[in-house]
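Enquirer: Each residue of the sequence shown is one higher than the one before, counting from 2 in this note's numbering.
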Amino acid sequence: MNPHTIRPLTVLEGVEFEKSFMTYLTNIGEKALLEGYIWYIQGPKENIIVDTGVKPESFTLLRALFKDSGAHQPRFYTPEEALGRIGLSPQDIDLVIVTHLHFDHIEQGEKYNRAKFIIQRDELDYALNPHPSQALFLQKATFEHLNFEVIEGDCEIVPGVKVLLTPGHTHGGQSVAVKTDKGTTVIAGLCTINENFYPPDHLKDIMPVITPAIHKDPCQAYDSLLRIKEIADTIYPLQQSGLSRL
Numbered sequence: 002m003n004p005h006t007i008r009p010l011t012v013l014e015g016v017e018f019e020k021s022f023m024t025y026l027t028n029i030g031e032k033a034l035l036e037g038y039i040w041y042i043q044g045p046k047e048n049i050i051v052d053t054g055v056k057p058e059s060f061t062l063l064r065a066l067f068k069d070s071g072a073h074q075p076r077f078y079t080p081e082e083a084l085g086r087i088g089l090s091p092q093d094i095d096l097v098i099v100t101h102l103h104f105d106h107i108e109q110g111e112k113y114n115r116a117k118f119i120i121q122r123d124e125l126d127y128a129l130n131p132h133p134s135q136a137l138f139l140q141k142a143t144f145e146h147l148n149f150e151v152i153e154g155d156c157e158i159v160p161g162v163k164v165l166l167t168p169g170h171t172h173g174g175q176s177v178a179v180k181t182d183k184g185t186t187v188i189a190g191l192c193t194i195n196e197n198f199y200p201p202d203h204l205k206d207i208m209p210v211i212t213p214a215i216h217k218d219p220c221q222a223y224d225s226l227l228r229i230k231e232i233a234d235t236i237y238p239l240q241q242s243g244l245s246r247l
């Protein structure tokens, strides 16, 4: 089996945010840059992506939520622009693996009108009737019309590409483990940065991972990060800046 290649395609960059919004109860008052991606998985047959991109009208909301200081000039890219960098369009995509149903990861789904969308049953069921504290991020209109294939738990999608049930950030979030020429690379399906997986020296002996600050269940989220870290040779956190330039 030939290994796959992962291409992080930037759809949102240059948003400065309060770092503690990613690292629960740590880094309070510190700033960092947020980046968002469509993840293209190149294999022998299917064109696969992970997540769909964010709409321009949500860009302003995201900047407000993350308390963007305005010190940087943020940029937004459409799915057409992002995929165009590798010679593709949304109509070329066969499968979309949905890490979770927060609007900024699913709301461009309508652009992929040929694709099948892979989602965990727990995630979809909860998102259709969320607790009020979660409802801002789970907006039914962004996903109810999509062509879902509903799965339960860990599942091989195609040879060399497997989803892992990693709840905590959301009710039924999933990560994507891909066999690459560098071993197993996991696209972590929780909104995280590198520091969530690799805490600084003064914390790493206390906690091997840092819980994502945006979560439904902090203990589940912590355990999911541990699981990813145990499985992966390489980890791609969803919001880590600079990954498209590696």
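No residue lacks a Cβ here, since even glycine has one placed at the ideal position from N, Cα and C.
Between the Cα of residue 76 and those of 52, 31 and 38, spot the shortest distance and give me the residue it belongs to.
Expert: The count along the sequence shown starts at 1 and reaches residue 76 at position 75. Out of 52, 31 and 38, 38 has the C-alpha closest to the C-alpha of residue 76.
Enquirer: In angstroms with no decimal places, state the Cα-to-Cα distance between residue 24 and residue 207.
Expert: Position 23 of the sequence shown, counting from 1, holds the residue named residue 24. Position 206 of the sequence shown, counting from 1, holds the residue named residue 207. Each residue's Cα considered, the two are about 14 Å apart.
Enquirer: Quick one: Cα of residue 233 to Cα of residue 186, how far?
Expert: What you label residue 233 is simply residue 232 of the sequence shown in a count that begins at 1. What you label residue 186 is simply residue 185 of the sequence shown in a count that begins at 1. Their Cα atoms are separated by approximately 6 Å.
Enquirer: Would you kindly work out how many angstroms separate the C-alpha atoms of residue 144 and residue 194, rounded to a whole number?
Expert: On the sequence shown, residue 144 is found 143 positions in, with the first residue counted as 1. On the sequence shown, residue 194 is found 193 positions in, with the first residue counted as 1. In this structure, the straight-line span from the alpha carbon of residue 144 to that of residue 194 is close to 25 Å.
Enquirer: Rounded to whole angstroms, what is the Cα-Cα separation between residue 12 and residue 209?
Expert: Within the sequence shown, residue 12 is the residue found at index 11, counting from 1. Within the sequence shown, residue 209 is the residue found at index 208, counting from 1. Residue 12 and residue 209: Cα-Cα distance of roughly 30 Å.
Enquirer: Does DSSP put residue 289 in a helix, in a strand, or in coil?
Expert: Residue coverage of the chain in this structure runs from 2 to 247, which leaves residue 289 outside it and unanswerable.
Enquirer: Count the other C-beta atoms from every protein chain shown that fall within 10 angstroms of the C-beta of residue 54, then say buried if there are 16 or more, exposed otherwise.
Expert: Along the sequence shown, one-based indexing puts residue 54 at 53. The residue is buried, with at least 16 neighbouring Cβ atoms inside 10 Å.
Enquirer: Residue 49 and residue 162 look like a contact to me (Cβ under 8 Å); what is the Cβ gap, rounded to whole Å?
Expert: Translated into positions along the sequence shown, residue 49 becomes position 48. Translated into positions along the sequence shown, residue 162 becomes position 161. Taking 8 Å as the upper bound for CB-CB distance, residue 49 and residue 162 are in contact here, some 7 Å apart.
Enquirer: Please classify residue 92 as buried or exposed, where buried requires at least 16 other C-beta atoms within 10 Å of its C-beta.
Expert: Here residue 92 refers to the residue found at position 91 when the sequence shown is read from its first residue. It is exposed - the Cβ of residue 92 has fewer than 16 other Cβ atoms within 10 Å.
Enquirer: Under 8 Å between the Cβ atoms of residue 164 and residue 7?
Expert: For the purposes of this step, residue 164 is taken as residue 163 along the sequence shown, with counting starting at 1. For the purposes of this step, residue 7 is taken as residue 6 along the sequence shown, with counting starting at 1. In this structure, residue 7 does not lie closer than 8 Å to residue 164 by Cβ.
Enquirer: For residue 97, count the other beta carbons within 10 Å of its own beta carbon; 16 or more makes it buried, fewer makes it exposed. Which is it?
Expert: The count along the sequence shown starts at 1 and reaches residue 97 at position 96. Burial call: buried.
Enquirer: Spatial neighbours of residue 5 within its chain, please: C-beta separation below 8 Å, excluding the five flanking residues on both sides.
Expert: Within the sequence shown, residue 5 is the residue found at index 4, counting from 1. Apart from sequence neighbours up to five positions away, the residues of its chain that approach residue 5 with a beta-carbon distance below 8 Å are 42, 43, 44, 161, 162, 179, 180 and 181, ordered along the chain.
Enquirer: Could you spell out where the beta strand (DSSP E) holding residue 9 opens and where it closes?
Expert: Position 8 of the sequence shown, counted from the first residue, corresponds to residue 9. Here the beta strand (DSSP E) through residue 9 covers 6-19.
Enquirer: For the region 14-33 and the region 210-227, state whether three or more C-beta atom pairs, one from each stretch, are separated by less than 8 Å.
Expert: yes
Enquirer: With residue 176 as the anchor, note down where its alpha helix (DSSP H) starts and where it stops.
Expert: For the purposes of this step, residue 176 is taken as the residue at position 175 of the sequence shown. Taken as a continuous stretch (DSSP letters only), residue 176 belongs to no alpha helix (DSSP H), being part of the beta strand (DSSP E) at 175-181.
Enquirer: For residue 105, count the other beta carbons within 10 Å of its own beta carbon; 16 or more makes it buried, fewer makes it exposed. Which is it?
Expert: Position 104 of the sequence shown, counting from 1, holds the residue named residue 105. With 16 or more other Cβ atoms within 10 Å, it is buried.
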